[in-house]
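Quick notes on the structure that follows.
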Amino acid sequence: MQENNKANVLVSFVIPCYNDAQYIEQSVNSALNQTYKPIEVIVVDDGSDEETKKVLKTLEPKITKLITQDNQGQSTARNAGINEANGDFIVTLDSDDFFEPTFCEKALDAFMDNTEVKLVSCYTYLLYENGNKEVFKTAGGKLPSFLCKNHALGSAMFRKKDWEFCGRYDENMTFGYEDWEFYIRLLTNGGYAVSIKEPLYTYRKRNNTTTNKANEKKYELLKYIYLKHQNLYKENFETFINHILYYWEREEKSKIKNTQKLEFRIGKATLRPFRLIKSVFK
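All residue numbers for the sequence shown refer to the working numbering, where the first residue is 13 and numbers rise by one.
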């Protein structure tokens with residue numbers, strides 16, 4: 013079902029930035045170099061250090077708008093940027109990551125093909141600090157799947173009107189998982205998320221990323237999401253319980269496997285002196 017002619021659609025890239033002097037230029041350029049036009053690029057300086065501010069100053073002539081604010085976190089920075097965006101479609105982009113040039117074009121195609129699409133992300137390259145890369149595959153899907161886990165990237169495309177309708181990013185979530193919680197609300201009234209089956213995004217696996225910090229507060233954040241959306245979890249109780257039991261079982265099997273490996277190593281090390289003594293007296 014056609015939504016409209018994508019040639020008439022303005023896409024707004026919103027890039028929150030906090031102390032990413034080393035990577036922000038590559039991130040901005042990945043937005044500017046999209047094969048699809050027209051686009052605009054809005055960068056939100058979320059209280060960055062002086063080194064980052066200097067880099068942002070050099071990039072300012074290339075972008076549509078630079079918003080400067082005190083450090084308030086990812087949710088507030090994204091909301092501030094999207095609020096100033098003129099595009100019908102929004103692409104959120106983390107300041108240390110980058111898209112391939114065809115992401116915007118292919119994501120819009122997914123929206124134009126079906127009005128039920130509410131969110132588009134893609135497979136991603138995980139780029140480790142040692143230079144190694146691997147492909148991570150997001151699944152997309154409907155609300156029940158997203159109640160169990162985030163099946164999209166934090167950097168993705170959605171309609172600005174849907175962002176407004178579902179209540180924007182939750183600015184109380186300053187420690188992470190805010191994208192997942194936002195997607196739950198985005199899909200609450202129907203529709204689904206699409207994942208383009210190509211690695212069109214590169215995510216840097218760094219030690220001090222927001223994701224790593226979020227994992228330190230994982231259970232606190234999960235509790236917040238579960239309680240905030242408890243009615244949805246009750247409505248999808250069986251799906252949610254099956255998910256929880258699956259992960260418990262997988263974790264238990266992993267622990268047993270690791271324990272067996274450890275016991276084998278300890279046993280082998282303990283018996284080694286006795287084997288040596290036995291060999292002497294042969």
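Glycine included, every Cβ here is placed at the ideal spot set by N, Cα and C. Since this is a predicted model, take the numbers as computed values, not measurements.
Practice task
Keeping to the same chain, check which residues put their C-beta closer than 6 Å to that of A122; ignore five residues upstream and five downstream.
Solution key: So the list reads V129, V132 and V206, once near-sequence residues are dropped.
Problem - Identity of the residue in E247, N144, E117 and N41 nearest V21 by Cα - result: The candidate whose alpha carbon is nearest that of V21 is E117.
Exercise for the section: From the DSSP output, in three-state form, read off Q34 for me. Expected result: Judged by DSSP in its simplified three-state form, Q34 adopts coil rather than helix or strand.
Problem - Interface flag, L44 vs chain D, CB-CB below 7 Å - result: Although the question refers to chain D, the structure presented lacks it and comprises just one protein chain.
Exercise for the section: Check whether the segment 49-56 touches the segment 87-104, taking contact to mean three or more Cβ pairs, one atom from each stretch, closer than 8 Å. Expected result: In short, these stretches touch, since the Cβ pair count reaches three.
Problem - For M13, three-class secondary structure by DSSP - result: Since pLDDT at M13 reaches only 39, below the 50 mark, its modelled position is unreliable, and no value is offered.
Exercise for the section: Per DSSP, which residues does P28 bridge with? Please list them. Expected result: Secondary-structure assignment with DSSP links P28 through a beta bridge to V56.
Problem - Span separating the alpha-carbon of Q46 from that of I268 - result: Their Cα atoms are separated by approximately 48 Å.
Exercise for the section: Mark I94 as exposed unless 16 or more other C-beta atoms lie within 10 angstroms of its C-beta, in which case mark it buried. Expected result: By the 16-neighbour rule on beta-carbons within 10 angstroms, I94 is buried.
Practice task
Check whether the Cβ atoms of N227 and W192 sit closer than 7 Å, and answer yes or no.
Solution key: No, the Cβ-Cβ distance between N227 and W192 is not below 7 Å.
Handout entry: Nearest neighbour of R171, chosen from S266, F148, N144 and L199 [CA to CA]
Key = Ranking the options by Cα distance to R171, first place goes to L199.
Exercise for the section: Please determine, among G202, T88 and L165, the residue with the shortest C-alpha to C-alpha distance to A151. Expected result: Residue L165 is the option with its Cα nearest to A151.
Exercise for the section: Mind checking who Y140 pairs with in its DSSP beta bridge? Expected result: According to DSSP, Y140 bridges with K217.
Exercise for the section: Quick one: using the 10 Å Cβ neighbour count with 16 as the cut-off for buried, is W175 buried or exposed? Expected result: When all chains shown are included, W175 counts as buried.
Handout entry: CA-to-CA distance, E190 to R180, given in whole angstroms
Key = Taking the Cα positions, R180 is about 10 Å away from E190.
Handout entry: Through-space distance from Y215 to Y140, alpha-carbon basis
Key = Roughly 9 Å between the two C-alpha positions.
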